[in-house]
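Residue 354 is where the sequence shown starts when you use this note's numbering, and the numbers rise one by one after that. Step one of this worksheet: look at the structure below.
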Amino acid sequence: MLTDPRRVRAVQSTVSSRIVADRRRNAVPSERKRGERGGRADRGLGPIGRLVAEHWRKTNPETYERALASGVIHELRDITERAVARLEEELLKLDPPRPDMSDEERIRHLRRIRRIAVDIAKAVVLAELPDPTHTSQPPGVSDASKTPGAPE
């Protein structure tokens with residue numbers, strides 16, 4: 354018999370985690386992705402992937418779920434993550450850690466470089482994404498009321 358309270362808690366924890374694992378194993382893919390607590394479906398996208406996902410959700414909500422399920426948003430995330438890695442390399446070439454830095458300073462320096470690279474990538478992505486609140490006409494279609502010389 355289990356008499357040690359710590360051992361009892363450990364066994365209970367193991368049993369409950371196995372129950373959760375069994376539920377996930379027998380769940381359909383969308384339930385597996387969300388988990389029991391109904392977490393975000395776009396989990397694991399990273400800061401830039403979430404930025405793209407949020408923009409897609411605002412501009413075209415009817416195709417957002419399909420794009421997320423098909424992996425398009427994850428592909429965009431992968432592309433931007435590779436760009437961030439290249440930016441980090443270039444920034445480290447421009448500003449390498451000094452040899453006299455302590456380990457903590459070196460880690461802070463590398464984190465700062467990473468934040469700068471992510472900020473640059475976010476700025477580029479935001480510059481390329483159309484504004485979701487801006488309702489522009491498709492190319493080749495003009496608004497007659499704004500055309501000079503148009504009848505009023």
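Just so it is clear, CB atoms sit at the ideal spot from N, CA and C, and this is done for glycine as well.
Since residue i contacts residue j with CB under 8 Å, what's their CB separation in whole angstroms?
| i | j | result |
| --- | --- | --- |
| I432 | L398 | In fact, because the Cβ distance is near 12 Å, the residues do not count as touching under 8 Å. |
| I460 | E441 | About 14 Å separates the two Cβ atoms, so there is no contact after all. |
Return the chain-ordered list of same chain residues with a C-beta closer than 8 Å to the C-beta of residue i, the five sequence neighbours on each side being excluded.
| i | result |
| --- | --- |
| R430 | L398, G399, I401, G402 and V405 |
| V478 | I401, L404, V405 and T433 |
State yes or no: is the C-beta of residue i within less than 8 Å of the C-beta of residue j?
| i | j | result |
| --- | --- | --- |
| A474 | L444 | no |
| H462 | P452 | no |
Under three-state DSSP, which class holds residue i?
| i | result |
| --- | --- |
| D431 | helix |
| S455 | coil |
| P448 | Reading off the sequence, residue 448 comes out as Asp, not Pro. Looking at D448 - three-state DSSP - the assignment turns out to be coil, as it is neither helix nor strand. |
| G399 | helix |
| L482 | coil |
| R385 | The predicted model places R385 with a pLDDT of 47, which falls under 50 and marks its position as unreliable, so this point remains unresolved. |
| S423 | helix |
Within the same chain, show all residues whose beta-carbon is closer than 7 Å to that of residue i, passing over the 5 residues directly before and after it, in chain order.
| i | result |
| --- | --- |
| W409 | Y417, A420 and I426 |
To which residues of the same chain is residue i closer than 6 Å at the C-beta, ignoring the five residues directly before and after it?
| i | result |
| --- | --- |
| A436 | A474 |
| A480 | none |
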